[in-house]
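Chemist:
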Amino acid sequence: MSVKHGLLALLVEGPRYGYELKSGFEARTGDTWPLNVGQVYTTLARLERDGLVAKDGEDAEGHVLYRATPTGLREVQDWWDEAVEREAPARDELAIKLALAVGMHDVDPRDVVQRQRTATVRALQRHTRRRNALPAGDTAAALVLDALVFAAEAEVRWLDHCEARLVRSRNGASR
Amino acid sequence: MSTPVLELRAAARVHGTGATAVHALRGVDLQVAPGELVAIMGPSGSGKSTLLTLAGGLDTATSGEVLVEGVPLSGLDRAGLAQLRRRSVGYVFQELNLLPALTAAENVALPLELDGVRARDARARALRALDELDLAALAGRFPDDLSGGEQQRVAIARALVGERRLVLADEPTGALDSVTGESVLALLRSRVDAGAAAVLVTHEARLAGWADRVVFLRDGQVVDEARAEVTV
Numbered sequence: 072m073s074v075k076h077g078l079l080a081l082l083v084e085g086p087r088y089g090y091e092l093k094s095g096f097e098a099r100t101g102d103t104w105p106l107n108v109g110q111v112y113t114t115l116a117r118l119e120r121d122g123l124v125a126k127d128g129e130d131a132e133g134h135v136l137y138r139a140t141p142t143g144l145r146e147v148q149d150w151w152d153e154a155v156e157r158e159a160p161a162r163d164e165l166a167i168k169l170a171l172a173v174g175m176h177d178v179d180p181r182d183v184v185q186r187q188r189t190a191t192v193r194a195l196q197r198h199t200r201r202r203n204a205l206p207a208g209d210t211a212a213a214l215v216l217d218a219l220v221f222a223a224e225a226e227v228r229w230l231d232h233c234e235a236r237l238v239r240s241r242n243g244a245s246r
Numbered sequence: 466m467s468t469p470v471l472e473l474r475a476a477a478r479v480h481g482t483g484a485t486a487v488h489a490l491r492g493v494d495l496q497v498a499p500g501e502l503v504a505i506m507g508p509s510g511s512g513k514s515t516l517l518t519l520a521g522g523l524d525t526a527t528s529g530e531v532l533v534e535g536v537p538l539s540g541l542d543r544a545g546l547a548q549l550r551r552r553s554v555g556y557v558f559q560e561l562n563l564l565p566a567l568t569a570a571e572n573v574a575l576p577l578e579l580d581g582v583r584a585r586d587a588r589a590r591a592l593r594a595l596d597e598l599d600l601a602a603l604a605g606r607f608p609d610d611l612s613g614g615e616q617q618r619v620a621i622a623r624a625l626v627g628e629r630r631l632v633l634a635d636e637p638t639g640a641l642d643s644v645t646g647e648s649v650l651a652l653l654r655s656r657v658d659a660g661a662a663a664v665l666v667t668h669e670a671r672l673a674g675w676a677d678r679v680v681f682l683r684d685g686q687v688v689d690e691a692r693a694e695v696t697v
């Protein structure tokens with residue numbers, strides 16, 4: 072998940088200081104991905120090193136402000152213009168666990184599937200409740216929670232598919 | 466806990482006998498309280514729809530017991546079951562919920578009229594039910610003039626008109642797009658929050674996410690349950 076681009080996109084709206092970026096990021100994404108302030112300053116330092124942001128003086132309370140440089144603005148525009156790369160997935164512990172369960176004598180892969188399904192549906196219930204409790208009009212936060220809802224749903228669909236495949240292979244069909 | 470609106474006690478349904486017997490449901494225990502939305506998930510043939518037909522008195526358990534508002538269905542004769550289906554239980558199916566020759570209001574009034582309520586009273590109560598669900602504007606329209614989502618919302622109004630407190634929904638958002646489907650679920654959820662009880666059969670986990678409990682069936686048995694955490 073790109074904190075870097077998220078912060079940079081917020082700086083397009085005007086100069087901000089670190090804590091302001093932290094709370095802005097969290098508010099806009101429905102508090103789904105909390106950031107710690109340290110992470111924000113590390114990211115700002117990296118962005119400054121790469122010439123994407125620059126310090127922009129201090130506000131009345133002495134907070135150091137950052138602004139996006141022209142290169143930074145271009146970087147954000149590219150981010151909006153391009154699709155998010157998802158081609159090299161991280162190692163998926165669940166897929167690995169299921170693949171290994173299939174070959175084990177004393178593990179029923181269907182039980183592994185069901186345990187995961189229950190856990191994922193519980194997460195879905197949690198996301199759904201959080202989304203339904205949002206104040207009307209908080210579309211940004213609703214979109215983020217929708218993303219979690221749909222990702223969890225996709226996982227359950229995949230688990231359903233795994234189970235059907237396991238049943239078929241147990242019944243002697245090849246595929 | 467108050468009396469469950471629906472209770473299954475070791476409910477089983479076997480089709481056929483001997484070697485060819487099919488055990489559609491094998492001893493399921495389930496309680497659904499007022500204010501509770503329970504979703505049933507499971508692969509095809511796991512017994513989801515059988516459970517729903519037993520719960521609604523559309524089919525009879527081979528063994529075990531089904532109780533609606535505390536009344537054992539096994540003790541009812543045909544007429545008693547028919548009355549229960551009219552008075553206590555509302556259904557929402559995937560499609561073909563509304564009679565095309567009747568307006569939305571007439572569709573909602575129908576179960577009341579079948580139960581002997583005078584046409585005028587039935588109509589007034591139907592209009593009130595539609596109004597409660599913000600559907601008053603649809604009252605005079607025929608199903609053909611309603612979108613899929615509007616039809617399903619009217620079907621929910623009909624399922625809950627009168628004294629009925631148990632809604633049985635089988636894939637109620639079947640052919641609807643995801644946002645319209647959500648609005649149907651939101652309406653069902655709001656009726657449950659107002660005190661109804663509902664059982665929702667679905668294969669879509671996203672819809673099951675609206676439930677207080679999700680019961681997983683496999684081969685006619687309950688294998689697991691996901692209970693939503695109570696948030697303060």
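These protein sequences, in sequence, are chains A and B.
Under the numbering used here, think of the first position of the first sequence as 72, with each following residue one higher.
Under the numbering used here, think of the first position of the second sequence as 466, with each following residue one higher.
All C-beta atoms in this analysis are idealised placements derived from N, C-alpha and C, irrespective of residue type, glycine included.
1) Where do the N-terminal and C-terminal ends of the beta strand (DSSP E) with Gly614(B) fall, by residue?
2) Got a sec? Which residues, its chain only, sit under 7 Å from Pro180(A) by beta carbon, not counting five neighbours each side?
3) By the criterion of Cβ-Cβ separation under 7 Å, what are the contact partners of Pro565(B) in chain A?
4) Determine the closest residue to Ser416(B) out of Ala484(B), Ala624(B), Trp675(B) and Ala489(B), with distance taken between C-alpha atoms.
5) Give me the Cβ distance between Ala520(B) and Leu471(B), rounded to the nearest whole Å; I'm assuming they're in contact under 8 Å.
6) Should Arg606(B) and Thr568(B) be called a contact, given that it needs their Cβ atoms to be closer than 8 Å?
7) Please give me, in chain order, every unbroken run of the alpha helix (DSSP H) with length at least 4 that falls completely inside the segment 534 to 600 of chain B.
8) Starting from Asp642(B) and walking both ways along the beta strand (DSSP E), at which residues does that stretch end?
9) Nearest chain A C-beta to Asp689(B) closer than 8 Å, yes or no?
10) Listing by chain order, which chain A residues have their CB less than 9 Å from the CB of Leu681(B)?
11) If contact is defined by three or more beta carbon pairs under 8 Å, each pair taking one atom from either stretch, is the segment 504 to 513 of chain B in contact with the segment 674 to 690 of chain B?
12) Check the C-beta distance from Thr142(A) over to Leu123(A) and give it rounded, since I have them as a contact under 8 Å.
13) Mind checking if His198(A) is an interface residue toward chain B, Cβ cutoff 8 Å exclusive?
14) Are the beta-carbon atoms belonging to Pro499(B) and Ala604(B) less than 8 Å from one another?
15) Does DSSP put Val470(B) in a helix, in a strand, or in coil?
16) Would you report the Cα separation of Arg188(A) and Val227(A), rounded to the nearest angstrom?
17) For Thr140(A), which residues of its own chain have a beta-carbon under 8 Å away from its beta-carbon, when the five flanking residues on both sides are left out?
18) Does the Cβ of Glu153(A) have 16 or more other Cβ atoms within 10 Å, making it buried, or fewer, making it exposed?
19) Identify which residue in Ser612(B), Pro469(B), Ala673(B) and Leu665(B) has its Cα closest to the Cα of Gly535(B).
20) Verify the CB distance criterion: does Ala116(A) have a CB-CB separation below 8 Å to chain B?
21) Between Ala139(A) and chain B, is the shortest Cβ-Cβ distance under 8 Å, so that the two count as touching?
22) Quick one: residues in its chain with C-beta nearer than 7 Å to the C-beta of Val497(B), no 5 flanking neighbours on either side, listed in chain order?
23) Listed in chain order, which residues of the segment 495 to 512 of chain B have Cβ atoms closer than 8 Å to some Cβ of chain A?
24) For Phe96(A), which residues in chain B fall below 7 Å Cβ to Cβ?
25) Look up Arg478(B) in the DSSP assignment and give the residues it is bridged to.
26) Can you tell me whether His198(A) is buried or exposed, with buried defined as 16 or more other CB within 10 angstroms of its CB?
27) Decide if the segment 614 to 626 of chain B is in contact with the segment 574 to 589 of chain B; the criterion is three or more beta carbon pairs, one per stretch, under 8 Å apart.
28) Just to confirm, are Arg583(B) and Leu598(B) a CB contact at a threshold of 8 Å?
29) Can you grab the Cα-Cα spacing for the pair Asn242(A) / Phe558(B), in whole Å?
30) Is the beta carbon of Glu501(B) closer than 8 Å to that of Val657(B)?
31) Could you run through the segment 594 to 615 of chain B and flag, in chain order, every residue whose CB is less than 8 Å away from some CB of chain A?
32) On the premise that Thr114(A) lies in contact with Val83(A), defined as a C-beta separation below 8 Å, what is that separation, rounded to the nearest angstrom?
33) Measure from the C-beta of Leu165(A) to each C-beta in chain B and report whether the shortest distance is under 8 Å.
34) Please name the residues in the segment 73 to 93 of chain A whose beta-carbon is closer than 7 Å to at least one beta-carbon of chain B, in chain order.
35) Tell me the rounded alpha-carbon separation between Tyr88(A) and Arg200(A).
36) Taking the CB atoms as reference points, tell me whether Val135(A) and Ala80(A) lie closer together than 8 Å.
Modeler: A quick look at the data gives this:
1) From DSSP, Gly614(B) is part of no beta strand (DSSP E) but of the alpha helix (DSSP H) over Gly613 to Leu625.
2) For Pro180(A), where only same-chain residues beyond five positions count, the Cβ hits under 7 Å are Leu169, Ala172, Val173 and Leu237.
3) For Pro565(B), no chain A residue has a Cβ inside 7 Å of its Cβ, as the nearest lies near 33 Å away.
4) Residue numbering for chain B in the displayed model covers 466 to 697; residue 416(B) lies beyond these limits and cannot be assessed.
5) With a Cβ gap of about 6 Å, Ala520(B) and Leu471(B) count as contacting.
6) Taking 8 Å as the Cβ cut-off, Arg606(B) and Thr568(B) qualify as a contacting pair.
7) Qualifying alpha helix (DSSP H) stretches, in chain order: 543 to 552, 569 to 579 and 584 to 597.
8) Here Asp642(B) belongs to no beta strand (DSSP E), and DSSP marks it neither H nor E.
9) Judged by the 8 Å Cβ criterion, Asp689(B) is in contact with chain A.
10) Rather than Leu, the amino acid found at residue 681(B) in this sequence is Phe. The contacting residues are Gln185, Arg188, Thr189 and Val192.
11) Contact between the segment 674 to 690 of chain B and the segment 504 to 513 of chain B is present, because at least three Cβ pairs lie under 8 Å.
12) Correct: roughly 6 Å between the Cβ atoms.
13) By this cut-off, His198(A) is an interface position.
14) The answer is no: Cβ separation not under 8 Å.
15) DSSP places Val470(B) in coil when its eight states are reduced to three.
16) Straight through space, the alpha carbons of Val227(A) and Arg188(A) are spaced by roughly 6 Å.
17) So the qualifying residues of the chain are Gly122, Leu123, Val124 and Ala125.
18) In summary, Glu153(A) is exposed, with fewer than 16 beta-carbon neighbours lying within 10 Å of its beta-carbon over all protein chains present.
19) Of all alpha-carbon atoms in Ser612(B), Pro469(B), Ala673(B) and Leu665(B), the one lying nearest the alpha-carbon of Gly535(B) is that of Pro469(B).
20) False, the Cβ-Cβ gap to chain B never drops below 8 Å.
21) It does not; no Cβ of chain B falls within 8 Å.
22) Cβ within range, chain order: Pro469, Val470, Leu471, Val503, Ala662 and Val664.
23) Identification of residues in the segment 495 to 512 of chain B having a C-beta nearer than 8 Å to some C-beta of chain A yields Met506 and Pro508, given in sequence order.
24) Near Phe96(A) there are no residues of chain B at all, since even the closest Cβ is about 24 Å away, more than 7 Å.
25) Residue pairing by DSSP places Arg478(B) opposite Leu490(B) in a beta bridge.
26) His198(A) should be labelled buried.
27) Between the segment 614 to 626 of chain B and the segment 574 to 589 of chain B there are three or more inter-stretch CB-CB distances shorter than 8 Å, so the stretches are counted as touching.
28) Against a cut-off of 8 Å, the Cβ pair of Leu598(B) and Arg583(B) comes out as no contact.
29) For Asn242(A) and Phe558(B), the gap between their C-alpha atoms comes out near 33 Å.
30) Yes, the Cβ-Cβ distance between Val657(B) and Glu501(B) is below 8 Å.
31) Answer set for the segment 594 to 615 of chain B: empty.
32) For Val83(A) against Thr114(A), the beta-carbon gap comes to about 15 Å, at or over 8 Å, which does not count as contact.
33) Closer than 8 Å: no.
34) Against chain B - using a Cβ distance shorter than 7 Å - the segment 73 to 93 of chain A contributes no residues.
35) If you draw a straight line from the Cα of Tyr88(A) to the Cα of Arg200(A), it comes to about 33 Å.
36) No, Cβ-Cβ distance for Val135(A) and Ala80(A) is not below 8 Å.
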